[in-house]
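Each residue of the sequence shown is one higher than the last, beginning at 1 in UniProt numbering.
Think of the CB as a built atom: it goes at the ideal place given N, C-alpha and C, for glycine as much as any other residue.
All figures in this text were calculated on a predicted structure; none of them were measured in a lab.
Right, one structure below, let's go through it.
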Amino acid sequence: MQVCMRRLALYPLRAAGASRGKGTLLCVAARHLSPGARTLFSETGVWERDYRTETRHKVEQWWHPRIMAQWQKDAQAENSNRKKFYVLSMFPYPSGRLHMGHVRVYTISDTIGHFQRMRGHQVLNPMGWDAFGLPAENAAIERGLDPEEWTKSNIQAMREQLDSLGLCFNWDREVTTCLPDYYRWTQYLFIRLFEAGLAYQKEAVVNWDPVDQTVLADEQVDENGCSWRSGALVEQKLLKQWFIKTTNYAKPLLDALQDLPEWYGVKGMQANWIGKCTGCYFDFRLKVNGEETAETLSAYCSSPEAVFGGAYLAILPSHRLLNGSSAVRPALQKHFQPGRDSLTEVVAHNLFTGQDVPLVISRKEAFEDYLDTVLGVPDCSEDDLSVASALNLRWTTVLQTDDDGTQTLINSAEFSGLSREQGFEAITQKAVQQKVGGHLTSSKLRDWLISRQRYWGTPIPVVHCGSCGPVAVPEEELPVTLPKLSLTGKGASPLEAAHDWVNCECPRCKGPARRETDTMDTFVDSAWYYFRYTDPQNQHRPFERRLADHWLPVDVYIGGKEHAVMHLYYARFLCHFCRDQGLVAHREPFWKLLVQGLIKGQTFRLAESGQYLKREEIDFTGKEPVALGGGRVEVTWEKMSKSKHNGLDPQEVVQQYGLDTVRLYILSAAPPEQDILWNVKTDTLPGVIRWQARLWQLVTKLRGARQFEDPPNPSLLKKKELAEAKKIWQNKNYTIQEVTAHFTEDFLFNAAISRLMGLTNTLNSATARVLLHSVEFEEALAALVKMAAPMAPHLASELWAGLCQVKNPLSPVLQRGGDVLQQAWPAVDPQYLEAPDFVELAVLINNKSCGTVTVPLQASKDSGRVEQLVLESSIGQKLLRQRSIKRVILSPRTALINFLVDE
1 MQVCMRRLAL
11 YPLRAAGASR
21 GKGTLLCVAA
31 RHLSPGARTL
41 FSETGVWERD
51 YRTETRHKVE
61 QWWHPRIMAQ
71 WQKDAQAENS
81 NRKKFYVLSM
91 FPYPSGRLHM
101 GHVRVYTISD
111 TIGHFQRMRG
121 HQVLNPMGWD
131 AFGLPAENAA
141 IERGLDPEEW
151 TKSNIQAMRE
161 QLDSLGLCFN
171 WDREVTTCLP
181 DYYRWTQYLF
191 IRLFEAGLAY
201 QKEAVVNWDP
211 VDQTVLADEQ
221 VDENGCSWRS
231 GALVEQKLLK
241 QWFIKTTNYA
251 KPLLDALQDL
261 PEWYGVKGMQ
271 ANWIGKCTGC
281 YFDFRLKVNG
291 EETAETLSAY
301 CSSPEAVFGG
311 AYLAILPSHR
321 LLNGSSAVRP
331 ALQKHFQPGR
341 DSLTEVVAHN
351 LFTGQDVPLV
361 ISRKEAFEDY
371 LDTVLGVPDC
381 SEDDLSVASA
391 LNLRWTTVLQ
401 TDDDGTQTLI
411 NSAEFSGLSR
421 EQGFEAITQK
431 AVQQKVGGHL
441 TSSKLRDWLI
451 SRQRYWGTPI
461 PVVHCGSCGP
471 VAVPEEELPV
481 TLPKLSLTGK
491 GASPLEAAHD
501 WVNCECPRCK
511 GPARRETDTM
521 DTFVDSAWYY
531 FRYTDPQNQH
541 RPFERRLADH
551 WLPVDVYIGG
561 KEHAVMHLYY
571 ARFLCHFCRD
581 QGLVAHREPF
591 WKLLVQGLIK
601 GQTFRLAESG
611 QYLKREEIDF
621 TGKEPVALGG
631 GRVEVTWEKM
641 SKSKHNGLDP
651 QEVVQQYGLD
661 TVRLYILSAA
671 PPEQDILWNV
681 KTDTLPGVIR
691 WQARLWQLVT
701 KLRGARQFED
711 PPNPSLLKKK
721 ELAEAKKIWQ
731 NKNYTIQEVT
741 AHFTEDFLFN
751 AAISRLMGLT
761 NTLNSATARV
771 LLHSVEFEEA
781 LAALVKMAAP
791 MAPHLASELW
801 AGLCQVKNPL
811 SPVLQRGGDV
821 LQQAWPAVDP
831 QYLEAPDFVE
841 LAVLINNKSC
851 GTVTVPLQAS
861 KDSGRVEQLV
871 LESSIGQKLL
881 RQRSIKRVIL
891 SPRTALINFL
901 VDE
């Protein structure tokens, strides 16, 4: 009992009727402390009046494990009757260390997750690991380690780092792509593609990295022709490779973009990547001396409706048929004349039309975009006509121009008599039905090359049989697991050395066979991980359709813009394929996409050599920085990295400033899609630190004001005070409306924080009687704390605990119990929606905040009217009256007006 009274006696209260600022200390009655609540102040018996650095750390240490535990408890008790919300951040490669880019993307997803759960949604915010790939293999070779063990240790380290940042993920749904229980299903999906005719093998000229000894996609080669990872000059090499025929889905993938909301420019990038789908491929079988060979070829036709008018098939001199191991290579080479169109004795049989056309080696070094094989149609191209005429080729005219100028198909079998437009549709559709081509695509899109000649990747589940050819491994024998190898990094594919693993039995004829020794590109693993999160423990299939259909599409997908083309394209392709296979109901995997910019650090380089310097190697005493050893220094902002000496350890940053401060800084420094220039000397970091302190002060003021013996009485408010209370009520509702829109529509968290700061200022300027007697102040402060909770959960949790123990609360909002993240997101009052009267606008002068003004709602979008009202206000009279205004900018999206003036 003595311990209890000692704690309680520390709590300072003002006696009823005491003059302000000269209160008497009284102890808090124990009945006002919730017996189940173990907050900081209820543990110590003291509500600290100021939010100091040590207070911030104590608050975060206390609430961090409790918030995470409550999230997991709520996740396990989710009610499926609640509306779902799937927020997904791109899973990381387990390098072993988090960087600030990770902190940014996961802070955004964590914030959205908390917000949506407060709105009553069943939230899925999972995390996993994109764990295959070259970095682990190279690290294992360098260190003499097993890449699996190296990867697992990195995952453990990074998971501990994520937990230390207070990020609330659904860890019970964790996936790791390098584990057999995951890649078993990657292999299963590959086999579905193989059986559908969409996975195939052919010789191709590829980008070869001589250092990493593997194939690179074109996108992994920089503008200087060097590998994106090793930096080596890339070589061109002819290899037999596995491809996935994504071109068959080009048109559906392009058309589906129209049904998605704006993706901050990424939809345009996707459309540009795919290109205009105005042509298609047709399949041909090659003949030599009238005898069919086993060689098939797909040729692009830019005018499919005129396919019956094909005169020849043209290939480039660099084509695999001329340079690889094809059986027709000798017949082609003996006719090849560089610099001329060379007519060969090889004939191409069109599997759609049944026509034979000669194969021509083009004089050109390149066709349009990425094409290497095209069907020449003289009726549709002057260039094709010129080639056919020069080689004295025969062809069939298939287009007839009618008197009205329209063109009709002739000599085109059952399609004769159709208009070009009708013929286009009918011919391509029938070719698709006959599985001989016809899928609309562009000349710039190529199939997805997935082969990698390395060890640490998903094994391709195919065996090569001398009798049966390539045969898929039966589903019941999956997964095809990786053998244990001692990696050296030299020679051919490392799996070639695993003789006991390579040599196997053909599943079909039971004869001797060899396993495929290429592994899959890691983009295959990440093309379907969003499915696996919905059903991660399933041992019988990749995922249960019922669960995938419940959670998909992902409501908000968050990640770096560097993945806005390839990864998104492959993931969208695989979702379309799974829909066609009856595995899911949705074609598109992601509804909204939120791409975030980089966090850049300041770099210092010697102007002459370009060498990066550490900050301590520079003299900053002069007007311009110079190296201590001499030499001019160039100062730039670049992506953080150790080699540039501009990186930050997230845990060190958190230790210095606190979790909530780092979260608020990241969210308020810039809109998500823009880069952040990490500079703690700017207004942003001090600003969010001050805002946290002001929030604390507001709760402190309300707690102090309500300690009088006489309870608050709204009827005591006078007319002027009632008007002030109404203004608070209006500002509260306006803020709820704006912040909710930012969280759901444009994700401008910086604007949301700015609006919350505006409401904070309004409450901070409230008179003592309004603070004491108005329910409007109390409810506005409660709403403010709840809206801050997703972004600053630790501080908000402590503030809410303090609010809920305010003596004599006027509002039932403070009497509901539970932590702040368990509260319902505040809703706009119906009366406000009927007739909101005023809007509070933030006033900036030369981009610096100078206060707020309240303007009539009907005038809030009128730039001239708002400018006049600001100039007439006390802010305008004080700060703008004697200054020359160059420009006035009224924000169309947020309650903000910016005056640009002469200094």
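- Taking alanine 513 as reference, the option from Ala548, Leu487, His464 and Asp555 with the minimal CA-CA separation is His464.
- The beta carbon of leucine 216 sits closer than 8 Å to those of Val206, Asn207, Trp208, Asp209, Ser227, Trp228 and Val234, all from its chain and outside the five residues before and after it, given in chain order.
- In the structure shown, arginine 893 adopts coil according to DSSP, grouped into three states.
- The beta carbons of valine 471 and proline 507 sit closer together than 8 Å.
- Bridge partners of glycine 559 according to DSSP: Val595.
- Inclusion of valine 820 and alanine 796 in the CB contact set at 8 Å is warranted, their separation being smaller than that value.
- Secondary structure of threonine 401 (DSSP, three-state): strand.
- The shortest C-alpha to C-alpha distance from alanine 498 to any of Gln453, Glu295 and Leu482 is the one to Leu482.
- When the alpha-carbon of asparagine 808 is set against those of Pro94, Asp283 and Phe708, the nearest one is in Phe708.
- DSSP places aspartate 518 outside both helix and strand once states are collapsed to three, so it counts as coil.
- Counting every other CB atom within 10 Å of its CB across the protein chains shown gives valine 680 a total below 16, marking it as exposed.
- In this structure asparagine 846 is exposed. Its beta-carbon is surrounded by fewer than 16 other beta-carbon atoms within 10 angstroms.
- If only uninterrupted beta strand (DSSP E) runs of at least 3 residues are considered, those enclosed by the region 294-378 are 312-315, 342-350, 356-361 and 373-376.
- Distance from the CA of glutamate 174 to the CA of leucine 260, rounded to the nearest whole angstrom, comes to 28 Å.
- Taking the Cα of tryptophan 263 as reference, the smallest distance to any Cα among Ser109, Ala670 and Leu594 is reached at Leu594.
- Between the region 124-132 and the region 152-170, the count of C-beta pairs closer than 8 Å reaches three or more; the two stretches touch.
- With contacts defined by Cβ atoms closer than 8 Å, leucine 716 and alanine 725 do not form a contacting pair.
- Counting along the chain, no beta strand (DSSP E) covers glutamate 798; the unbroken alpha helix (DSSP H) around it starts and ends at 793-803.
- DSSP places aspartate 218 within a helical segment (H, G or I) once states are collapsed to three.
- Bounds of the beta strand (DSSP E) holding valine 839 are 838-845.
- Within the model, the alpha-carbon separation for phenylalanine 749 versus isoleucine 875 is close to 26 Å.
- Aspartate 209 has Thr214 as its beta-bridge partners, per DSSP.
- Taking a cut-off of 8 Å on C-beta distances, the region 362-377 touches the region 306-315, as three or more cross pairs fall below it.
- Proximity to glutamine 434 across Leu449, Thr353 and Leu487 peaks at Thr353, based on C-alpha coordinates.
- Setting aside the 5 residues that flank it on each side, valine 770 is surrounded in the same chain by Leu717, Glu721, Glu724, Ala725, Ile728, Glu776 and Phe777, each with a C-beta closer than 8 Å to its C-beta; the list follows chain order.
- From the listed residues Ala388, Arg340, His335 and Leu316, the smallest Cα separation to phenylalanine 367 is found for Leu316.
- Aspartate 447 is positioned such that its CB atom lies closer than 8 Å to that of isoleucine 244.
- In the DSSP secondary-structure assignment, lysine 600 is bridged to Lys639 and Leu677.
- Taking the Cα of histidine 439 as reference, the smallest distance to any Cα among Thr246, Asp555 and Val59 is reached at Thr246.
- Proximity of the region 99-113 to the region 135-146 falls short of the contact definition, fewer than three beta-carbon pairs being nearer than 8 Å.
- In the structure shown, tryptophan 63 adopts helical secondary structure according to DSSP, grouped into three states.
- Annotated three-state conformation of glutamate 292 is strand, per DSSP.
- If only complete runs of 3 or more residues are kept, the region 132-216 shows the beta strand (DSSP E) at 199-209 and 214-216, in order along the chain.
- Assigned with DSSP and collapsed to three states, glycine 437 falls in strand.
- If you compare the alpha carbons of Asp218, Asp212 and Gln201 with that of glycine 231, the shortest gap goes to Asp212.
- Proline 459 has its alpha-carbon roughly 15 Å from the corresponding atom of arginine 192.
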